[in-house]
Amino acid sequence: MTVVKICGITNLDDARCATRAGADLLGFIFYPASTRYIAPSDAGQIADALHAEFDAQGPRLVGVFVDAPIETVRDVIDEAHLDLVQLHGSELPATVAALQPVAFKALRPRTLSEAQAEHQRYAGIWHAEQTNGTTPHLLIDAYDTQQKGGTGVRVDSRIAGWLAARCRLMLAGGLTPENVAEALAIIQPWGVDVSSGVERAKGLKDHARVHAFVQAVRKAE
Numbered sequence: 035m036t037v038v039k040i041c042g043i044t045n046l047d048d049a050r051c052a053t054r055a056g057a058d059l060l061g062f063i064f065y066p067a068s069t070r071y072i073a074p075s076d077a078g079q080i081a082d083a084l085h086a087e088f089d090a091q092g093p094r095l096v097g098v099f100v101d102a103p104i105e106t107v108r109d110v111i112d113e114a115h116l117d118l119v120q121l122h123g124s125e126l127p128a129t130v131a132a133l134q135p136v137a138f139k140a141l142r143p144r145t146l147s148e149a150q151a152e153h154q155r156y157a158g159i160w161h162a163e164q165t166n167g168t169t170p171h172l173l174i175d176a177y178d179t180q181q182k183g184g185t186g187v188r189v190d191s192r193i194a195g196w197l198a199a200r201c202r203l204m205l206a207g208g209l210t211p212e213n214v215a216e217a218l219a220i221i222q223p224w225g226v227d228v229s230s231g232v233e234r235a236k237g238l239k240d241h242a243r244v245h246a247f248v249q250a251v252r253k254a255e
């Protein structure tokens, strides 16, 4: 099954909606410059509520960081009760390795050659890991000069397809309930990540679109 991640969660109602819709992963943005930023303490309260309500049936929780110090990331993992860590900045392989087995790197390549170089740069980390296949190796998002993510811009399918054939790739960037089936057919990623494509406003989810997105993925499978 394709792993579905609903990212940019900022409140409990949206987290409950994504959980009931069948999301496998929920993403919390711990990058203060983001319009979808959430404080670690608030994310921790949402995590506690989800664990109490859904127990082991709930999704795993992902913290998204941009060039944060390793110790800061570890502190937030504890405070927000995170299961995984998405590193969405210019983090070096050594940083990703230091946060194993829970961390994976997000890439925003502009060209295929750049993606190939980045793949080679980080591949040694997951070749050395001992996991059961439940953690992505890489995430690909669209490049933007101003924003780190959540732009609504789709990635180059040729670049994403090359990566998806070589690792457990989480596909992000401009996905919506209307286009995710096409993206799955062309790219065949390990997982898909959506944020702006299921929003009614920045940081607020449209619950009907969240359900529609998950249903579109499952129907495409």
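Each residue of the sequence shown is one higher than the last, beginning at 35 in our numbering.
For glycine and all other residues, C-beta sits at the position ideal for the given N, C-alpha and C.
Taking 4 residues as the shortest admissible run, the segment 95-174 contains the following complete alpha helix (DSSP H) segments, listed from N- to C-terminal end: 104-114, 127-132 and 146-162. As for any beta strand (DSSP E) of minimum length 3 sitting wholly inside the segment 45-105, the runs are 59-63 and 94-99, ordered along the chain. Assigned with DSSP and collapsed to three states, Glu-216 falls in helix. DSSP places Lys-253 in the helix class (H, G or I) of the three-state scheme.
In the structure shown, Ala-194 adopts helical secondary structure according to DSSP, grouped into three states.
The alpha-carbon separation between Tyr-71 and Arg-243 amounts to approximately 21 Å.
Around the beta carbon of His-171, 16 or more other beta carbons lie within 10 angstroms, which makes this residue buried. As DSSP reads the structure, Lys-236 sits in no beta bridge. With a cut-off of 8 Å on Cβ pairs, the segment 187-194 is not in contact with the segment 108-118, counting fewer than three such pairs. In this structure, Leu-121 sits near Leu-133, with a CB-CB distance shorter than 9 Å.
Look at Gly-225 here: in three-state DSSP terms it is strand. Check the Cα spacing between Gly-207 and each of Cys-201, Ala-199, Gly-225 and Asn-45: the tightest is with Gly-225. Here the C-alpha atom of Ala-73 lies approximately 21 Å from the C-alpha atom of Asp-240. Below 8 Å, too few C-beta pairs join the segment 97-115 and the segment 145-165 to call them touching: fewer than three. A check of alpha carbon separations from Arg-200 across Phe-99, Gln-150 and Gly-237 identifies Gln-150 as the nearest. The three-state secondary structure of Val-244, taken from DSSP, is helix.
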